[in-house]
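Following: one structure in structure tokens, then a few remarks.
What follows is the structure, given as structure tokens:
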């Protein structure tokens with residue numbers, strides 16, 4: 001395999017872990033929003049709090065931020081248009 005192959009293997013493993021994290025974030029969002037009935041502000045607070053624990057990561061950080069992002073007209077949240 002060699003050094004180049006080893007680098008590709010490490011990248012593949014990293015991507016797999018990252019995709020798993022994104023799936024878990026999406027499922028947590030879906031449950032909290034549609035079963036728990038949390039508002040976007042409550043979702044923001046929840047993910048921001050999680051980012052202060054052992055769950056701290058770039059993906060959790062940007063997920064918390066997206067819940068406060070409004071569209072150009074400033075009336076609705078971007079996440080609600082997805």
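Residue numbers (this note's numbering): 1 to 82.
Glycine is no exception: its CB is placed at the ideal position from the N, C-alpha and C atoms.
Under the Cβ criterion (8 Å, minimum of three pairs), the segment 45–52 counts as touching the segment 62–81.
For the 7 Å CB-CB criterion, residue 9 and residue 40 do not form a contact.
As the crow flies, the alpha-carbon of residue 23 is around 18 Å from that of residue 44. By alpha-carbon distance to residue 79, the top candidate from 26, 56, 57 and 55 is 26. In the structure shown, residue 70 falls within a strand segment according to DSSP collapsed to helix, strand and coil. Separation of residue 6 and residue 13 (C-alpha to C-alpha, rounded to the nearest whole angstrom) is 11 Å. The beta carbon of residue 33 sits closer than 8 Å to the beta carbons of 43 from its chain, once the five residues preceding and following it are set aside; these are given in chain order.
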